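Residue numbers (my numbering), protein chains in the order written: chain C, 87 to 377; chain D, 87 to 377.
The block underneath contains the structure these notes are about, expressed in structure tokens.
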DNA sequence: ATATAATATAAGTTTCGCTAATGCCATGAA
DNA sequence: TTCATGGCATTAGCGAAACTTATATTATAT
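Dropping the structure here:
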């Protein structure tokens, strides 16, 4: 039983003419005849009296016509309900931590929007803790965080590895070096991330590996405040290079690479494992992830 | 959109398992997967979350599940309504005039019942006027009458031609002839059909053709009463031979053929032109009609 | 990490519905 | 009544769609 057949039956009842009904549906008169025959065959009862011209409904036909109408109405209703749901499901919520700025995501977003121009993409910024929580609660669809942590319900894919550099005020002695050995940080006043920030742990591990101890002068939960503190020479810090663009350009800060090796802060895309993704969402994830 | 697909979707939702759903419908697991994919494709929205095991409905899926249920319910409802209508439509009402006895129809009815054993066939007897009226009102489906009259709304087909014979009491002078010239009826006391009975007109025409005048002693609307009148020698009559079987067998009446020619009373099957006929009804008509 | 159970995908086959051509039937005009 | 005409049914052949089998992929538990 096909809904299309019911539609054809209804139109046939209303038009009282096989050929015109066929034309309306873009099929042959024969097809309409066969569909009706099949309908009658499957119920083993005549629906239309062909011994009269124009054709007329039998009692069974009238009953079936009403039912067909009801069924088609219900189907059209659910179709439009789904269409509405689809609209809302094509809103993708992406959230990134503060230190992964718009300038990092911009090229990806531009590329994405050019392919899915109708998708409503929202980009917001929270701290890492909020991103994990909102992701699990289903409020956001994709998160971009630093040093992604493993979680049973979260799938993570690597994103960009951001070079970590030494940051200091232009008046600081190390400001004029082109490279610096990490051991020179020994005993320096240091502006660090709060304990809760994943990047803090990551940097601590690097310092530990080289057995360097710094004097933690201040702790902040975001790069902006750290940069302000370094600007007024309250200490030095280690930050991801992409976060320093503006300050390096206008000379309020100096960045120095490490001579020992290139340090990186890994960033990653995180999504809920169990959540279904729209085609667009899937594409955005594939665009962002790097294998 | 196929109703079968909706049924499969509902079962899938309830069983939460593709393979078992497939088994339930007697198809392969792959087919279920493909049908669901097609369903989602046509609405461009995901209905089932396969990233979870067991599978679970998406919001859209829940909406669609309810609609599918509604649609299938409505369809089942109309199906059973049609089944009820079918039951009543497979009752065929056949009506014959009194003088066409069970013994004439019996072989046809037996043959018919052997082919359509489930059909509820009712055979009733009325006078010709009632048969025409009930046929037009749709109370009966097939009529068997003598000398069928033409009518715009009635289709008639020839049935058996019944030989017309002279009937008289065994004590009547003509009773011992093997054949009789119709002219010998001149001036005889005659037991006739009522004016309204078609056979009356038919017999009158035959007598007129041979310019024979009889003395109409009595008029009755049925053969039985005529036979009783002839038995007590109230007069002679002309009747269809098949109506005399019993009386000829037990010797209460004598029948004599005419020497001039074989006279016949044509009988016919009548049906309403505009009425749809079931397969069984059509078959019964074809069984009865003689071309 | 790996095994297992479950779903998706791919290729080949069958089934089903469509078209085109033609036959049959109902209706109205001559 | 008969014939012409418009309209529905029927048939054969073909092409698209759905099914099956086999295999790949994915999710979950151990």
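Each residue gets a CB set at the ideal place from its N, CA and C atoms; glycine is no exception.
In this text, all values refer to a predicted model and were calculated from it rather than measured experimentally.
Mind listing the chain C neighbours of residue i? Cutoff is C-beta to C-beta under 9 Å, in chain order.
| i | result |
| --- | --- |
| residue 132/D | 175, 362, 363, 364 |
| residue 87/D | 88, 89, 90, 161 |
| residue 135/D | 360, 361, 362 |
| residue 172/D | 129, 130, 131, 146 |
Give the secondary structure of residue i by DSSP, where H, G and I count as helix, E and B as strand, and everything else as coil.
| i | result |
| --- | --- |
| residue 217/D | helix |
| residue 205/C | coil |
| residue 106/D | helix |
| residue 304/D | strand |
| residue 194/C | helix |
| residue 93/C | helix |
| residue 126/C | helix |
| residue 184/D | coil |
| residue 311/C | helix |
| residue 179/C | strand |
| residue 259/D | helix |
| residue 233/C | coil |
| residue 336/D | coil |
| residue 168/D | helix |
| residue 163/D | helix |
| residue 242/C | strand |
Using a Cβ cut-off of 8 Å, pull out every chain C residue sitting near residue i, in sequence order please.
| i | result |
| --- | --- |
| residue 138/D | 360 |
State buried or exposed for residue i, treating a residue as buried only when at least 16 other CB atoms are found within 10 Å of its CB.
| i | result |
| --- | --- |
| residue 291/C | exposed |
| residue 181/D | buried |
| residue 259/D | exposed |
| residue 365/C | exposed |
| residue 299/D | exposed |
| residue 282/C | exposed |
| residue 173/D | exposed |
| residue 358/D | buried |
| residue 136/D | exposed |
| residue 274/D | buried |
| residue 175/D | buried |
| residue 112/D | exposed |
| residue 121/C | buried |
| residue 354/C | buried |
| residue 170/C | exposed |
| residue 313/D | buried |
If you measure from the CB of residue i, is any heavy atom of the ligand ADP nearer than 7 Å?
| i | result |
| --- | --- |
| residue 174/D | Annotation note on the ligand ADP: not contained in the displayed structure, which lists no ligands. |
Which chain D residues sit within Cβ distance under 7 Å of residue i?
| i | result |
| --- | --- |
| residue 157/C | 157, 160, 161 |
Assuming residue i and residue j are in contact, meaning their beta carbons sit under 8 Å apart, how far apart are those beta carbons, in whole angstroms?
| i | j | result |
| --- | --- | --- |
| residue 382/D | residue 131/C | Residue 382/D lies beyond the residue range present for chain D, which begins at 87 and ends at 377; the question has no answer from this structure. |
| residue 284/D | residue 232/D | 6 Å |
| residue 245/C | residue 375/C | 7 Å |
| residue 84/C | residue 269/C | An answer regarding residue 84/C cannot be provided, because it is not within the stretch 87 to 377 covered by chain C. |
| residue 302/C | residue 278/C | 5 Å |
| residue 318/C | residue 253/C | Incorrect: roughly 13 Å between the Cβ atoms, too far for contact. |
| residue 133/D | residue 153/D | With 8 Å as the limit, residue 133/D and residue 153/D do not qualify as a contact, their Cβ atoms being about 11 Å apart. |
Taking only the alpha-carbon atoms, compute the straight-line gap between residue i and residue j and give it to the nearest angstrom.
| i | j | result |
| --- | --- | --- |
| residue 140/D | residue 368/D | 55 Å |
| residue 344/C | residue 150/D | 59 Å |
| residue 230/D | residue 360/D | 18 Å |
| residue 104/D | residue 94/D | 9 Å |
| residue 208/C | residue 148/C | 52 Å |
| residue 250/C | residue 114/D | 56 Å |
| residue 234/C | residue 110/D | 45 Å |
| residue 129/C | residue 162/D | 11 Å |
| residue 267/D | residue 342/D | 10 Å |
| residue 227/D | residue 340/D | 37 Å |
| residue 87/C | residue 142/D | 27 Å |
| residue 330/C | residue 261/C | 14 Å |
| residue 117/C | residue 108/C | 7 Å |
| residue 321/C | residue 315/C | 7 Å |
| residue 199/D | residue 205/D | 7 Å |
| residue 186/C | residue 92/D | 47 Å |
| residue 248/C | residue 305/C | 21 Å |
| residue 334/C | residue 220/C | 34 Å |
| residue 138/D | residue 100/D | 15 Å |
| residue 263/C | residue 239/C | 45 Å |
| residue 102/D | residue 96/D | 10 Å |
| residue 255/D | residue 371/D | 38 Å |
| residue 165/C | residue 213/D | 60 Å |
Can you pull the chain D neighbours of residue i, defined as C-beta to C-beta under 9 Å?
| i | result |
| --- | --- |
| residue 117/C | Those do not exist, as residue 117/C stays about 17 Å from chain D at its closest Cβ, beyond 9 Å. |
| residue 167/C | 146, 149, 150, 153 |
Since residue i meets chain C, which of its residues come closer than 7 Å, beta carbon to beta carbon?
| i | result |
| --- | --- |
| residue 164/D | 149, 150, 153 |
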